[in-house]
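To start, the structure itself, in structure tokens.
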Amino acid sequence: CDIRSLGYEEKRKLLATIEKAVAFVTTMIFQDGSSQLNSEQVLTSSVKGVVVLVKNQTDYPCLPGYSSTDCTWDAANEDDKLIYLKTEWSSLWEQEQQAHKKFTWQVLFQMLRCKVPIICFNAKDFLRTLLQVYGNEISWKQVADSVVLDPRIAAWLINPSDTVPSFECLIQKYFEKPFSVETVNTDTGPLRNTSYQNLGVNLEKLYNVMMDLAHDLQVQGLWKLFCTLELPLIKILAVMETHKIHVNKQELKKTSEILGLRLKELEQEAHQVAGERFLLTSSHQLREVLFEKLKLHTLCEKVHRTEIQQLVSTSEVVLNKLQDLHPLPKIILEYRQVHKMKSTYVDGLRMCMRKGFISSTWNQTGTATGRLSAKHPNIQGISKHPIRITKKQYIKGKEEEIVTISPRTLFVSKKGYTFLAADFSHIELRILADLSSEPELLKLFQEPETTDIFSSLASQWKGIPSEQVKHADREQAKRIVYSVVYGAGKERLADCLGTTPLQASQFIESFMQKYKKINEFTKKTIEQCRNKGYVVSIMGRKRPLANINAQDYKLRTQAERQAVNFVVQGSAADLCKMAMVEIFTSVVVSPNLTARLIAQLHDELLFEVEDSQIQEFS
DNA sequence: TAGTTTACTGTGAGG
DNA sequence: TCCTCACAGTAA
Ligand SMILES: [Mg+2]
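Per full-length UniProt numbering, residue 1 is the first one in the first sequence, and the count goes up by one each step.
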């Protein structure tokens with residue numbers, strides 16, 4: 001039904017029906033007539049309305065106890081209602097339209113409030129759009145209270161390596177019966193009968209595929225992970241995406257100019273010492289200058305090569321080794337640092353800016369390990385370290401000024417609010433200690449005198465008193481631990497530490513000797529993966545690794561490293577998500593806390609907290 | 001032909 | 001050594 005044709009009594013009845021529904025299957029409709037179920041990229045055109053299939057059948061197979069045999073596709077229940085809710089109004093001043101608008105959000109509000117599951121492909125986009133359209137009528141805490149199901153996330157839990165690009169792909173892969181998606185692209189008229197029916201058919205398919213996936217999740221022991229972690233996260237991310245972070249626009253413009261000037265200077269210097277003009281940003285051209293013209297690599301033992309083409313690399317580690325041979329590498333190193341800062345953190349951020357604010361897009365199904373990822377901007381990858389650059393003061397004459405630029409300070413909290421971060425301490429290493437039961441490592445974590453795990457580790461490993469552990473020892477211990485655990489070879493570790501491969505191999509050997517149980521853990525993990533074809537994290541998250549039994553050595557050993565890495569990184573992701581859900585929920589249920597979650601940086605949560613609530617929130 | 005799009009590659013920031 | 005995203009150059 002179209003709610004515009006309903007009378008008062010019918011509207012009242014509809015709201016009552018909604019209360020008693022078993023599920024809502026829904027999609028947004030866009031201006032161009034497409035929906036979230038079309039394979040073409042959405043979000044290019046604005047939202048026009050929402051279509052909801054209200055499922056009312058009483059013999060509905062309840063989710064946890066679902067068995068796929070009672071599900072028949074053609075039995076679209078007659079009690080089911082398909083409703084269209086128009087969310088955009090051309091002329092709001094007409095009283096009749098005002099009434100429609102009010103009723104529309106009453107329906108949507110009811111759907112969110114009544115805890116009946118809302119099934120939606122890309123549910124995060126749906127919830128975010130509701131918050132954006134009804135920002136004044138619906139609060140973020142109300143959205144956080146709703147119950148949503150997203151089959152895309154279910155599919156990703158079953159196999160995190162394939163991300164399911166569209167609804168069509170989802171149907172092809174997971175729908176028991178081979179039906180194709182009905183094309184719904186009629187860009188004329190509000191909703192013509194044909195497209196209306198096709199949408200109904202597709203929503204019915206969406207419902208059924210969600211049921212099938214729910215069953216699969218239960219069979220694979222992923223149901224609890226899905227319900228307690230991933231589903232609540234959908235709402236959290238939707239709410240996060242509606243919160244805008246203020247960035248210092250003037251500062252951004254100014255630093256872009258300063259960095260641009262410095263780049264010009266460095267470019268000049270580079271051309272001068274190279275004796276020719278070339279593009280400093282081109283690794284190909286730089287390689288020609290450094291290695292074909294100047295032949296610097298011949299004066300240096302064992303230089304790193306590129307992955308695919310096996311050419312001599314121009315990466316930071318190589319340039320560091322070449323520093324004493326020629327002035328060019330040092331100039332390039334600084335150029336790269338300044339260029340990265342300008343292109344990614346200053347100009348890149350400006351591109352993401354809308355009216356002085358930014359808001360990242362979060363991807364819940366983009367990683368193979370269960371982590372989140374962010375883009376536009378990638379707020380998880382903003383540089384921590386400030387850089388110092390010398391700025392020539394042309395106006396005042398010969399004076400030089402040193403300015404420091406730190407990308408993170410470009411983000412500013414709202415007036416009266418403060419950024420507050422909470423993070424885990426060495427979560428991956430703790431998980432490793434737990435999973436391996438390595439006694440020496442466990443002891444270090446349990447000892448109250450351990451203030452810094454890597455310092456203690458360096459002390460214990462090298463047998464030197466903890467007071468004598470230097471910063472370099474700590475850094476070395478840190479690198480060795482993570483490198484060895486995830487299976488780095490001696491060459492890679494040597495590159496990483498700046499030592500010889502021989503020394504690196506001795507480090508690996510001595511580490512394995514001292515912490516035998518860690519080595520046993522990696523062996524056991526690989527063995528389990530060989531037997532089952534997949535590895536499992538603490539919360540039961542899975543990663544199938546088809547190459548674990550491959551003939552090809554390179555592919556097989558890669559799968560082995562991925563297996564070990566997944567168990568640790570994936571388990572860490574589980575715990576970080578648990579913390580995220582728990583802390584977010586505690587803010588939602590609090591009647592007075594107004595703190596907003598800004599970002600998740602894997603093991604760190606960043607909030608914006610009202611100044612007067614910092615104590616209570618902490 | 002000139003200009004745009006796409007995929008791949010190398011590099012470097014985060015964890 | 002694993003998992004990401006952004007940017008720039010290059011060739012198709
Ligand atoms: Mg930390």
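Just so it is clear, CB atoms sit at the ideal spot from N, CA and C, and this is done for glycine as well.
task = Give the secondary structure of C120 by DSSP, where H, G and I count as helix, E and B as strand, and everything else as coil.
result = Looking at C120 - three-state DSSP - the assignment turns out to be strand.
ask   = Do Q364 and E241 have their CB atoms nearer than 8 Å?
value = Not closer than 8 Å, so no.
message = Relative to the C-alpha of H426, which candidate in I508, F419 and D603 has its C-alpha closest?
response = The candidate whose alpha carbon is nearest that of H426 is D603.
task = In the DSSP assignment, find the beta strand (DSSP E) that holds A599 and state where it starts and stops.
result = Segment R596 to Q600, the beta strand (DSSP E) holding A599.
message = Shorter than 7 Å, the distance from the beta carbon of F455 to the closest heavy atom of ligand 1, or not?
response = Per the sequence presented here, residue 455 reads as Ser, with Phe not at that position. Flag unset: Cβ of S455 not near ligand 1.
query = Should the stretch 310-325 be regarded as contacting the stretch 222-237, the criterion being three or more beta carbon pairs within less than 8 Å?
reply = When Cβ pairs closer than 8 Å are counted between the two stretches, the stretch 310-325 is seen not to touch the stretch 222-237, the count staying below three.
query = In terms of DSSP beta bridges, what is V51 paired with?
reply = Note: V51 is bridge-paired with T27 and Y84 in the DSSP secondary-structure output.
inquiry  = Quick check on this structure: which residue in C227, G463 and N136 has the alpha carbon closest to the alpha carbon of P117?
reply    = Comparing Cα positions, the closest option is C227.
key: From K392, K542 and Q528, residue whose alpha carbon lies closest to that of L259   = Ranked by Cα distance from L259, the options K392, K542 and Q528 are led by K392.
ask   = Going by beta carbon distance, what residues of the same chain come within less than 8 Å of F121, once the five residues before and after it are set aside?
value = Cβ neighbours of F121 beyond the five flanking positions: T27, Q36, L37, D150, P151, R152, F167, L170 and L206.
Rounded C-alpha distance that separates F445 from S343 = F445 and S343: Cα-Cα distance of roughly 41 Å.
ask   = Using a threshold of 7 Å, is the CB atom of E604 nearer than that to any non-hydrogen atom of ligand 1?
value = At least one heavy atom of ligand 1 is nearer than 7 Å to the Cβ of E604, so yes.
Within 8 Å, strictly: CB atoms of I379 and S406 = Not a contact, by the Cβ cut-off of 8 Å.
inquiry  = So, does the stretch 531-551 touch the stretch 567-577, judging by three or more C-beta pairs under 8 Å?
reply    = In this structure the stretch 531-551 lies against the stretch 567-577, because at least three pairs of beta carbons, one per stretch, are closer than 8 Å.
message = What residue range does the beta strand (DSSP E) around I3 cover?
response = According to the DSSP assignment, I3 belongs to no beta strand (DSSP E), since it is labelled neither H nor E.
task = Determine the DSSP secondary structure at D473, reduced to helix, strand or coil.
result = In the structure shown, D473 adopts helical secondary structure according to DSSP, grouped into three states.
query = Is the beta carbon of S571 within less than 7 Å of some heavy atom of ligand 1?
reply = The answer is no for S571.
query = Which residue from W140, Q285 and Q468 puts its Cα closest to that of T314?
reply = With distances taken between Cα atoms, T314 lies closest to Q285.
key: Three-state secondary structure assigned by DSSP to S35   = Reduced to three states, the DSSP call for S35 is strand.
inquiry  = Can you determine whether any heavy atom of ligand 1 sits closer than 7 Å to the C-beta of S425, and answer yes or no?
reply    = Yes, since a heavy atom of ligand 1 falls inside the 7 Å radius drawn around the Cβ of S425.
request  = Could you check the C-alpha separation between S45 and S34 for me, to the nearest Å?
outcome  = Answer to the nearest angstrom: the Cα atoms are 9 Å apart.
request  = Kindly provide the ranges of any alpha helix (DSSP H) runs that are 4 or more residues long and lie completely inside the stretch 244-277, ordered along the chain.
outcome  = Qualifying alpha helix (DSSP H) stretches, in chain order: 249-274.
Boundaries of the beta strand (DSSP E) in which D423 is found, first to last residue = That run of the beta strand (DSSP E) goes Y417 to D423.
task = Determine the direct distance from the alpha carbon of R492 to that of Q132, and round the result to whole angstroms.
result = Their Cα atoms are separated by approximately 48 Å.
Among S39, E438, Q613 and K86, the one whose alpha carbon lies nearest that of T418 = Looking at the Cα atoms, Q613 is the closest of the given residues.
request  = Starting from the N-terminal side, write out each stretch of the alpha helix (DSSP H) that is 4 residues or longer and does not extend beyond the stretch 494-527.
outcome  = Counting only runs of 4+ residues, the alpha helix (DSSP H) found wholly inside the stretch 494-527 occupies 501-514, in chain order.
Member of E520, S283 and W89 whose CA lies at the smallest distance from the CA of L311 = It is S283 whose Cα lies nearest to the Cα of L311.
query = Which term fits F357, buried or exposed, when burial requires 16 or more other beta carbons within 10 angstroms of its beta carbon?
reply = F357 counts as exposed, since fewer than 16 other beta carbons sit within 10 angstroms of its beta carbon.
inquiry  = For L199, tell me which candidate among G49, G135, P160 and L605 has the shortest Cα-Cα distance.
reply    = For the residues G49, G135, P160 and L605, the minimum Cα distance to L199 belongs to G49.
query = Counting along the chain, where does the beta strand (DSSP E) carrying F167 start and finish?
reply = In the DSSP assignment, F167 falls outside any beta strand (DSSP E) and within the unbroken alpha helix (DSSP H) covering F167 to Y174.
ask   = With 16 other CB atoms within 10 Å as the buried threshold, where does A599 fall?
value = Counting every other CB atom within 10 Å of its CB across the protein chains shown gives A599 a total of 16 or more, marking it as buried.
request  = Identify the continuous beta strand (DSSP E) that holds P544 and give its terminal residues.
outcome  = Per DSSP, P544 belongs to the beta strand (DSSP E) from K542 to P544.
inquiry  = So, with DSSP's three-state summary, where would you put Q363?
reply    = Per the sequence shown, residue 363 should be read as Asn rather than Gln. Reduced to three states, the DSSP call for N363 is strand.
query = By the 10 Å Cβ neighbour count, where 16 or more other Cβ atoms means buried, how is C62 classified, buried or exposed?
reply = Here C62 scores only 47 on pLDDT, less than 50, and its place in the model is too uncertain to base an answer on.
request  = With a 10 Å radius around its C-beta and 16 neighbouring C-beta atoms as the bar for buried, classify E616 as buried or exposed.
outcome  = By the neighbour-count definition (other C-beta atoms within 10 Å, threshold 16), E616 is an exposed residue.
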